[in-house]
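Quick note on the UniProt record's numbering: the sequence shown kicks off at 1 and runs consecutively. Here a beta-carbon is modelled for each residue, glycine too, at the ideal position from N, C-alpha and C. All values derive from a computational prediction rather than experimental measurement. In what follows, a single structure is set out as structure tokens and then discussed.
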Amino acid sequence: MSEAYQRALNASIADRDAFWSEAANALDWITPPQTVYDTKEGWFKGGTLNTAYNSLDRHIAAGRGDAVALIYDSPATGQIKQFTYSELLEESGRVAAMLRRLDVKKGDRVVLYMPMIPQTVFAMLACARIGAIHSVVFGGFAALELAKRIDDAAPDVILAASCGIEGSRVIEYKPMVDEALELASHKVGHVVVFQREARRAELHPPRDLDWEELRAQSINDPIPSPETMASGDPLYILYTSGTTGTPKGVVRDNGSHAVALTWSMANIYGIGKGDPFWAASDVGWVVGHSYIVYAPLLVGATTVLFEGKPVGTPDPGTFWRTIVRHGVKSFFTAPTAIRAIRKEDPDATFLRDIGTGDLRAIFLAGERADPDTIGWLEDKSGLPVIDHWWQTELGWPAIASCFALGDLRRKRGSAGFPVPGYEFVVLGEDGQPVETGESGAITIKEPLAPGAFRSLWNNKPGYDRNFASFPGYYETGDAGYFDDEGFLHIMGRTDDIINVAGHRLSTGQMEQIVAEQDGIAECAVIGADDAIKGMIPVAFIVARAGAAEPAVLVRQVIAAVREELGAVAALKTAYVVPQLPKTRSGKILRNLLRKIVNGEEYLIPATIEDPAVPDLIRNALAAQETSAHG
Numbered sequence: 001m002s003e004a005y006q007r008a009l010n011a012s013i014a015d016r017d018a019f020w021s022e023a024a025n026a027l028d029w030i031t032p033p034q035t036v037y038d039t040k041e042g043w044f045k046g047g048t049l050n051t052a053y054n055s056l057d058r059h060i061a062a063g064r065g066d067a068v069a070l071i072y073d074s075p076a077t078g079q080i081k082q083f084t085y086s087e088l089l090e091e092s093g094r095v096a097a098m099l100r101r102l103d104v105k106k107g108d109r110v111v112l113y114m115p116m117i118p119q120t121v122f123a124m125l126a127c128a129r130i131g132a133i134h135s136v137v138f139g140g141f142a143a144l145e146l147a148k149r150i151d152d153a154a155p156d157v158i159l160a161a162s163c164g165i166e167g168s169r170v171i172e173y174k175p176m177v178d179e180a181l182e183l184a185s186h187k188v189g190h191v192v193v194f195q196r197e198a199r200r201a202e203l204h205p206p207r208d209l210d211w212e213e214l215r216a217q218s219i220n221d222p223i224p225s226p227e228t229m230a231s232g233d234p235l236y237i238l239y240t241s242g243t244t245g246t247p248k249g250v251v252r253d254n255g256s257h258a259v260a261l262t263w264s265m266a267n268i269y270g271i272g273k274g275d276p277f278w279a280a281s282d283v284g285w286v287v288g289h290s291y292i293v294y295a296p297l298l299v300g301a302t303t304v305l306f307e308g309k310p311v312g313t314p315d316p317g318t319f320w321r322t323i324v325r326h327g328v329k330s331f332f333t334a335p336t337a338i339r340a341i342r343k344e345d346p347d348a349t350f351l352r353d354i355g356t357g358d359l360r361a362i363f364l365a366g367e368r369a370d371p372d373t374i375g376w377l378e379d380k381s382g383l384p385v386i387d388h389w390w391q392t393e394l395g396w397p398a399i400a401s402c403f404a405l406g407d408l409r410r411k412r413g414s415a416g417f418p419v420p421g422y423e424f425v426v427l428g429e430d431g432q433p434v435e436t437g438e439s440g441a442i443t444i445k446e447p448l449a450p451g452a453f454r455s456l457w458n459n460k461p462g463y464d465r466n467f468a469s470f471p472g473y474y475e476t477g478d479a480g481y482f483d484d485e486g487f488l489h490i491m492g493r494t495d496d497i498i499n500v501a502g503h504r505l506s507t508g509q510m511e512q513i514v515a516e517q518d519g520i521a522e523c524a525v526i527g528a529d530d531a532i533k534g535m536i537p538v539a540f541i542v543a544r545a546g547a548a549e550p551a552v553l554v555r556q557v558i559a560a561v562r563e564e565l566g567a568v569a570a571l572k573t574a575y576v577v578p579q580l581p582k583t584r585s586g587k588i589l590r591n592l593l594r595k596i597v598n599g600e601e602y603l604i605p606a607t608i609e610d611p612a613v614p615d616l617i618r619n620a621l622a623a624q625e626t627s628a629h630g
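Quick look at the structure:
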């Protein structure tokens with residue numbers, strides 16, 4: 001165990017205020033906080049600052065204006081562009097001036113419906129500069145989902161791009177914005193559109209404005225001074241999936257968010273001034289907010305903004321090529337991306353030929369990283385592969401091996417250890433802590449660490465629900481356990497614990513077994529309805545190139561689960577499918593699989609990456625049923 005990690009963990013719990021007070025000193029405050037934590041007002045009460053100033057201006061004032069802040073690398077368009085800190089301040093300042101021209105002020109909301117292009121980063125930082133609250137909606141989201149977010153956030157302005165590029169597809173954004181505005185009750189003053197050459201949009205004045213024309217009109221306007229923001233003032237609203245029809249807009253504040261992200265870069269990822277860092281995510285997700293935009297810039301690092309896919313833009317070597325090209329020191333991606341690369345390049349030929357350059361560690365999050373994928377990547381890269389866990393609500397890692405604190409203890413199948421600032425407790429259904437090794441609801445003792453949400457936009461009941469089951473504890477919604485070495489294992493959502501004839505079984509545990517079998521690229525196990533047992537587990541398998549015949553794979557995984565978990569596991573049904581349905585952030589849509597296998601009606605979720613996949617799966621299931629009964 002690393003002494004540095006243990007000291008930090010102990011200090012964050014035993015003397016929380018002193019720990020976070022020291023961490024806050026890494027930022028430039030306009031007014032220093034009077035209180036580190038206040039039960040009613042949250043973290044750093046009395047403190048004022050500006051997140052954009054801390055991300056840009058202060059580095060320039062320290063003489064680092066010519067340091068590279070942002071690298072835009074787009075295999076989708078063949079472009080690579082660099083922006084220094086001075087240039088990024090100028091560009092984001094221009095957008096801030098544009099927003100001022102549209103009378104956007106502190107506290108107003110601005111919705112961004114944009115792809116992975118520099119203008120998206122400019123817009124986020126521009127909003128932070130003038131105190132407007134940005135809400136980034138993943139470009140390409142369905143019009144109805146966008147309309148819900150417009151009605152909830154009630155923005156004055158929408159900033160959009162004419163299109164996004166998803167692999168080989170060009171997706172027009174403006175028609176979806178137009179449809180969303182027809183569906184929404186809230187009336188937006190202006191839609192500002194950045195025209196991309198791949199597909200230009202038709203504008204409808206006076207509501208619609210051309211981005212470049214507005215920029216030209218404001219070219220002589222002064223860059224607005226950074227707005228003074230209270231620590232608890234909102235920086236952004238980010239919508240995440242909810243269990244009710246009410247939008248779940250996570251509100252992130254300015255002060256504690258900046259403190260937490262700054263601490264995490266130094267102590268988890270080992271990134272500081274001038275270090276190239278790449279989070280291969282999207283700014284529409286929390287990873288993109290935290291680790292493409294804000295965290296790297298807060299510490300003066302160089303952040304990579306990548307517009308492409310792990311495979312197909314142009315090949316399975318694009319990640320390694322990008323890492324080497326830009327001298328990336330720490331790399332963050334989703335397990336599903338690595339599985340996609342492995343499926344296309346199982347022998348890691350591209351990785352072997354290209355190498356990993358200056359890379360020191362690979363971090364995975366977004367979906368549970370199965371041990372087989374971690375093992376493959378560690379073996380082929382020769383680098384530590386660190387699975388870690390967090391949520392949109394938390395805003396930054398809560399379980400990890402703190403690489404920069406010298407803690408490289410890893411156990412495949414575990415996300416690591418509690419990050420300093422988080423006090424985890426695994427609770428049983430009676431609300432009492434369970435024994436080591438026993439599974440239960442994973443909770444975090446209040447108060448949540450700096451950077452975590454303290455509210456949902458216009459949805460206090462939705463926020464309170466997170467603390468209703470176990471008063472005094474935040475319910476993560478995940479099930480898992482601590483092992484006897486202190487590793488915390490996330491085994492899946494609590495609703496992925498299925499009851500088979502009175503036995504509570506973890507589908508995550510079954511997935512781990514299935515994923516370890518030869519020829520399996522990726523898999524998902526869900527609980528299907530059964531008239532006799534209540535529920536039964538069903539496996540969905542995606543085969544690697546050159547794998548055994550589907551019938552052989554099915555027999556193999558069923559036998560493996562039975563051998564490891566016993567007959568009670570009752571996995572008797574497995575299907576080989578061409579793809580798994582996933583969100584654009586890489587999460588497998590298990591609820592959709594459940595509906596398909598139960599024969600229920602389903603709607604194509606707005607978050608799905610490829611709308612054609614559910615029909616492909618349904619056809620594959622029908623073909624295998626026919627073959628089995630033929």
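- In this model, ALA340 and GLY63 are separated by some 42 Å (Cα to Cα).
- DSSP lists PHE277, ALA361 as the bridge partner or partners of SER330.
- Going by C-alpha positions, LEU261 is about 23 Å away from ALA369.
- When rounded, the separation of the alpha-carbon atoms in VAL104 and ARG594 is 45 Å.
- Nearest Cα to ILE444 within the set HIS134, PRO33, GLY477: GLY477.
- Within the same chain, Cβ atoms closer than 7 Å to the Cβ of PRO226 are found at ASN50, ALA52, TYR53, ASP57, ARG129, the five residues on either side in sequence being excluded.
- Within the model, the alpha-carbon separation for GLY308 versus THR120 is close to 15 Å.
- In this structure, SER401 is the residue among ALA528, LYS81, SER401 with its C-alpha nearest to the C-alpha of SER2.
- Between PHE453 and the set ALA415, ILE596, TYR236, LEU589, the nearest pair of CA atoms involves TYR236.
- When LYS81, ILE292, GLY93 are compared, the shortest CA-CA separation from PRO222 is found for GLY93.
- Distances from the CA of ARG618 to each of ASP358, PRO206, GLU393, VAL576 were compared; the closest alpha carbon is that of VAL576.
- Cβ contact annotation for SER281 (same chain, cutoff 6 Å, sequence separation greater than five): VAL287, GLY288, in chain order.
- The secondary-structure analysis by DSSP pairs GLY527 across a beta bridge with PRO537.
- Spanning the alpha carbons of PRO115 and GLU435 requires a straight line of approximately 46 Å.
- If you draw a 10 Å sphere on the C-beta of ARG109, you find 16 or more other C-beta atoms in it, and that means buried.
- Residue state for CYS127 is assigned as helix, using DSSP reduced to three classes.
- By the criterion of a C-beta distance shorter than 7 Å, LEU203 is surrounded in its chain by VAL193, ASP210, once the five residues flanking it on both sides are discounted.
- Taking the Cα of LEU383 as reference, the smallest distance to any Cα among GLU522, PHE332, PRO32 is reached at PHE332.
- When only Cα atoms are considered, ASN25 and ASP178 end up about 45 Å apart.
- By the 16-neighbour rule on beta-carbons within 10 angstroms, LYS148 is buried.
- Judged by DSSP secondary structure, PHE350 falls outside any beta strand (DSSP E) and instead within the alpha helix (DSSP H) spanning 349-354.
- Ranked by Cα distance from LEU427, the first of TYR173, ILE362, GLU475, ASP464 is GLU475.
- For PRO234, there is no enclosing alpha helix (DSSP H); the residue is part of the beta strand (DSSP E) that begins and ends at 234-240.
- The beta-bridge partner set that DSSP reports for SER185 is empty.
- Judged by beta-carbon spacing, THR336 lies beyond the 7 Å limit of VAL68, meaning their Cβ atoms are not closer than that value.
- In this structure GLY451 touches GLY395 by the C-beta definition: roughly 4 Å separates them, less than 8 Å.
- Within the segment 244-322, the complete beta strand (DSSP E) segments at least 3 residues long are 248-253, 276-279, 302-306, listed from N- to C-terminus.
- Taking the CA atoms as reference points, GLY189 sits about 12 Å from LEU99.
- Under DSSP, VAL577 shares a beta bridge with no residue.
- Runs of the beta strand (DSSP E) spanning 3 or more residues and lying entirely within the segment 376-423 occur at 385-387, in chain order.
- Comparing alpha-carbon positions, the option among GLU522, MET491, ALA524, CYS523 lying closest to GLN509 turns out to be MET491.
- Taking a cut-off of 8 Å on C-beta distances, the segment 291-306 does not touch the segment 340-352, as fewer than three cross pairs fall below it.
- Where LYS460 is concerned, the enclosing alpha helix (DSSP H) starts and stops at 460-464.
- Distances from the alpha-carbon of SER256 to those of PRO175, ALA4, ALA539, PRO32 put PRO32 closest.
- Annotation for ALA123: VAL95, LEU112, LEU159 place their beta carbon closer than 6 Å to its own, counting only its chain and skipping 5 residues before and after.
- Between ILE526 and VAL561, the C-beta gap is not smaller than 7 Å, which leaves the two residues out of contact.
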